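Okay, structure first, notes after.
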Amino acid sequence: MAQKEDITTSRALDQRDDRYDAQRIESKWTERWQQDESLYAADADSTKPKYYALEMLPYPSGVLHMGHVRNYSIGDALARFMWMSGYNVLHPMGWDSFGLPAENAAISANVPPREWTLRNIGNMKAQMKRLGFAYDWSREVTTCLPEYYRWNQWFFLKLYEKGLAYRKKSKVNWCPKCATVLANEQVVNGCCWRHEDTLVEQRELEQWFLRITNYAEELLTGIEKLEGWPEKVRTMQRNWIGRSDGTLVDFKVDSPSGETVSVFTTRVDTIYGATAVQLAPEHPLVSSFAKHNDLLRADVERLIAEQRRAKEIGEIGTIVKHGVRTGHYAINPFNGERLPIWIANYILMDYGTGAIMSVPAHDERDFEFAKKYGIEIRLVIVPSPDDPEETVAEPALPFTTMHGTLVNSGPFSGLLCEDAIEKMSAYAEEHGFGKATVTYRLKDWGISRQRYWGTPIPMIYCEKDGIVPVPEKDLPVILPEKVAITLSGGSPLSKVPEFVNVMCPKCGGAARRETDTMDTFVDSSWYFYRYTDPRNDHAPFDSNAANYWFPIDQYIGGVEHAILHLIYSRFWTKFMRDMGMIKNDEPAERLFTQGMIIKGGAKMSKSLGNVVSPDEMVARYGADATRLYTLFATSPDRELDWQDEGVAGIQRFLGKLYRVVTDGTELVVRAPEPHGEGERAASARALQRKLHQTIKRVSLDFQGRWHFNTSIAALMELNNVLSGMGPEISSGNVPRQDVATTKKTIVLLLAPFAPFLARELWETLGEKGSLLKAPWPKYDAELAKEDEIQIPVQVNGKLRAVVTVPSGSTEDAIRDVALADEKIRSSIAGKNILKQIIVPGKLINLVVR
RNA sequence: GCCGGGAUGGCGGAAUUGGCAGACGCGCUGGACUUAGGAUCCAGUGCCGAAAGGCGUGCAGGUUCAAGUCCUGUUCCCGGCACCA
């Protein structure tokens, strides 16, 4: 009988000609939505609570890739959910549109960077609209336009005023064949990316720096408050800032010139064990030692070259330690000992002071070095004498514990390490040869780029007045358009006389403009504030607007920005706060980093040929199916292994859902008699229960872990239940009203994930207006409850039977049912029940023997 | 070396608190309807076994009535940092 029903249904379905047609539905709604730009507009003045949902803005490289689609599908689902939950949502999008690829395109395709960039933006914006992302395009921000980058310049002037922007000589990557500066990303294995046989050199150039290290401590301690950020990102930032507590100690060089060498150590307690001082090859003292010593100079040059090379190819950590004696000595200020000064290839100039005291007995690296060159190894720490268990006669060297006691350390012998560090630092400070110090790995942010496609740095160099900032009223300094872009001969802007030659704002005399542009990370450091007031032409943004929307409630993007972008923008926020522009200390309350997309075990890349194009997926399966798949394949935080068949499966689900919602209406022509609550048919109750369980699951996933894969699975289950009820519905066992409610609710639950189909079905069901204004369905916990529950019955922890009891049954009732079960009786026959564990609503376990 | 994450069927993955391991989807097998099926529908699908039953969440132990989940040890994979003094 049932079989016959199914056949009839399937035949009927086959003859329908209005199957789910994603392309038709999606182009219909894309067009309609295009006509109403205000649909997704945030309200500047609303009584609703605000919600700022933000995805990281893309670089307009040409086309969207799947990683973008995944990122935006997550953010769009969230934004739509928040809209439906009654929030005033800000969900904007923009373009991080300065950068090198535009210049490369200009060289290879002979297209001006601006034209290339704006064209890409047009393409990608169209793709986003085709994918149905609900952005407030009236707030679109494009960083390469003067209306935006003038504020980069304005901020730069403010930073300069506050002493947070300064100029100093610094090393840059230089390719001798190209005769130009290279970005770090263009250095491949220590060589130029276009001349693979040419070693990149380091050149000293005057560069602009931002004093981010002024905020090092706050950037570090602030991490503790970022509880809505992934632990991974917080750890990466902590490591990047790299705070290290130690002591600076000045060693006098034993020579008539009276120089001193300052060393940084975290273990000043071991200083009586120091048997050498070691300098980085690039330490300033080294060049003075080498000045009149040709042999030493040659050695030093070799060490420098070797160290640079190791750094460039990323093998500085595994370099074989070696060094040379300088023939000079330094005096240990604690005990007056003369220590030989060495130059060693593993000492880094850019950490600490570039000089260390070498304590071979208590540092692994010093130990290795001392062994090689026969430097004395002197034990000054022993395991705690208070704890005989730990005390050994001859500790294996190097012995590096912090929980030891000092020996052979003059007046400090007998102290515990931690106490000794404190006392000895204080002692050094008292006697004027040192002090407790904190150092950071974080360096000031060099923002000068010898490139064309970026924000011009608003500075002028005058023979007479020196460095003169461009007056605020003269902003923006416009990036000239007709510029010959080459990768040789330094900054392209330096070859544009009408740009370079300028009148000094102070003396009116002839002067030159700065021809470097800013690092593009400047653009992205504050762009999200601009969204709150995007057309402001007298300030970067209005404080009231920013204070209304900030902090960002949820920021979503790739983990590749965990350090640079997310540190720079935190720094910028703190700087703007200190200027009184905003009130928040941190830009984003919560951060979510989505996983990468891979295919066939590898990251998608052109060279591997495993790139999946969003356009192709949309053409084949539709935007809804493509988006839904990126959410369904796995939870958003994990790596996603792309499988085209999976998208096909999603398309089938959408097709089935479409049929169930549209087609079932005809099955229910006969309105059944209304049932009373008490006598509601079992199948009607089952549907109702499933419905409320589904609302609950989907709602909780949004509030909690964002496991949209399980939300979508729940929707599939509900859809399966509803579609399986065709006969029940025809026979009137399920009230028509219930079916209508279920359909409407499925559509609402689907809306954040598959907006096109949801909107189409919303219309089919006779509903009007945007789904964003429809309230998110609420679940009734009572209705979601099971009437009867299946209780697994274990004997000695092994599953032996499953019994059905009414929900809310007492322990006794459950036990009686379990003991009455045939299988249970046979498996406990002839045995004693030693213990009964009954977890109401969960399970029963009988321990027998 | 340090830090963070992971390992569950043929595959992607479920399993907020320790309580029926494998939801949902893919794939596969059989069937229905078909001129046709890469459409749709129905049934099955962790492994071994004819069945009863046994075995199963990287590996080895432990705690517990009960462990994917907790503890100890260990292997492998992914990501980040790294002679950081």
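Under the numbering used here, think of the first position of the first sequence as 10, with each following residue one higher. C-beta atoms are modelled at their ideal positions from N, C-alpha and C, and glycine is treated no differently. Owing to the predicted nature of the structure, the values given are computational and were not obtained by experimental measurement.
{"Asked": "Where DSSP assigns a beta bridge to P849, which residues make up the other side?", "Found": "Paired residue(s): none; P849 is not in a bridge."}
{"Asked": "Leaving out the 5 sequence neighbours to the left and right, which residues in its chain are closer than 6 Å to L600 when beta-carbon positions are compared?", "Found": "W238 and Y564"}
{"Asked": "Quick check: the Cα distance between N132 and S147, rounded to an integer number of angstroms?", "Found": "18 Å"}
{"Asked": "What's the C-alpha gap between A854 and L792?", "Found": "As written in the sequence, residue 854 is Asn, which differs from the Ala given in the question. Cα-Cα distance, rounded: 29 Å."}
{"Asked": "Can you give me the C-alpha to C-alpha distance between V882 and E431, rounded to a whole angstrom?", "Found": "Nothing can be reported for residue 882: it is not among the residues displayed for the chain, which extend from 10 to 858."}
{"Asked": "Which whole runs of the alpha helix (DSSP H) in the segment 279-355 are 4 residues long or more, in chain order?", "Found": "293-299 and 303-321"}
{"Asked": "Just the C-alpha distance for E399 and P392, rounded to the nearest angstrom, thanks.", "Found": "With a pLDDT of only 46 at E399, under the threshold of 50, the placement of this residue in the model should not be trusted; the figure read from the coordinates follows. Whole-angstrom Cα-Cα distance: 6 Å."}
{"Asked": "In chain order, what are the residue ranges of uninterrupted alpha helix (DSSP H) at least 4 long that sit wholly in the segment 395-482?", "Found": "426-439"}
{"Asked": "In whole angstroms, what separates the C-alpha of V804 from that of Y60?", "Found": "52 Å"}
{"Asked": "Measure the CB-CB distance between L758 and I704 and report whether it falls below 9 Å.", "Found": "yes"}
{"Asked": "Which partner residues does V262 have in the DSSP bridge list?", "Found": "A339"}
{"Asked": "Could I get the ranges of all uninterrupted alpha helix (DSSP H) runs contained in the segment 703-755, with 4 residues as the minimum, in chain order?", "Found": "717-732 and 735-739"}
{"Asked": "Consult DSSP for T244 and reduce its assignment to one of helix, strand or coil.", "Found": "helix"}
{"Asked": "Closer than 8 Å by C-beta to Y144: which residues in its own chain qualify, once you throw out the five before and the five after it? Chain order, please.", "Found": "Y49, H100, P101, M102 and M137"}
{"Asked": "Determine the closest residue to L304 out of I313, T335 and Q845, with distance taken between C-alpha atoms.", "Found": "T335"}
{"Asked": "Excluding sequence positions up to five away, which residues of its chain have a Cβ less than 8 Å from the Cβ of K444?", "Found": "T256, L257, S434, A437 and E438"}
{"Asked": "Tell whether a beta-carbon distance below 9 Å holds between M585 and I591.", "Found": "yes"}
{"Asked": "Is the beta carbon of Y175 less than 9 Å from the beta carbon of R139?", "Found": "no"}
{"Asked": "Determine the burial state of A829: buried for a count of at least 16 other Cβ atoms within 10 Å of its Cβ, exposed for fewer.", "Found": "exposed"}
{"Asked": "Among K473, F164 and A289, which one has its Cα closest to the Cα of E481?", "Found": "F164"}
{"Asked": "Find out if the Cβ-Cβ distance for the pair V295, V286 is shorter than 9 Å.", "Found": "no"}
{"Asked": "Which class does R698 belong to by DSSP, given the choice of helix, strand or coil?", "Found": "helix"}
{"Asked": "Using the C-alpha atoms, what's the distance from G664 back to L780?", "Found": "20 Å"}
{"Asked": "Can you give, in chain order, each stretch of the alpha helix (DSSP H) that sits fully within the segment 56-138 and has at least 4 residues?", "Found": "75-93 and 109-118"}
{"Asked": "Which residue wins for smallest C-alpha separation from R647, given the options A634, A31, Y169 and Q603?", "Found": "Q603"}
{"Asked": "Going by the CB atoms, is the gap between P849 and I833 shorter than 9 Å?", "Found": "no"}
{"Asked": "In angstroms, rounded to a whole number, what distance separates the CA positions of K840 and E831?", "Found": "15 Å"}
{"Asked": "Only counting the same chain, and skipping five residues up and downstream in sequence, which positions put a Cβ closer than 7 Å to that of D453?", "Found": "F218, L219, R220, I221 and T222"}
{"Asked": "Counting Cβ pairs, one atom from each stretch, are 3 or more of them under 8 Å apart for the segment 521-535 and the segment 500-511?", "Found": "yes"}
{"Asked": "Could you pull out every residue in the same chain whose Cβ sits closer than 6 Å to the Cβ of Y538, ignoring the five residues on either side in sequence?", "Found": "F550 and A555"}
{"Asked": "Return the chain-ordered ranges of every alpha helix (DSSP H) run that is complete within the segment 762-850 and spans a minimum of 4 residues.", "Found": "764-773, 790-793, 820-829 and 831-837"}
{"Asked": "Which class does N556 belong to by DSSP, given the choice of helix, strand or coil?", "Found": "helix"}
{"Asked": "Measuring CB to CB, does W651 end up less than 9 Å from I607?", "Found": "yes"}
{"Asked": "Would you kindly work out how many angstroms separate the C-alpha atoms of S578 and L228, rounded to a whole number?", "Found": "11 Å"}
{"Asked": "Please return the same chain residues whose Cβ sits closer than 6 Å to the Cβ of T409, not counting the five positions on each side in sequence.", "Found": "H371"}
{"Asked": "By Cβ distance below 7 Å, which residues in the same chain neighbour C516 in space, the five residues on each side in sequence not counted?", "Found": "C471, K473 and D474"}
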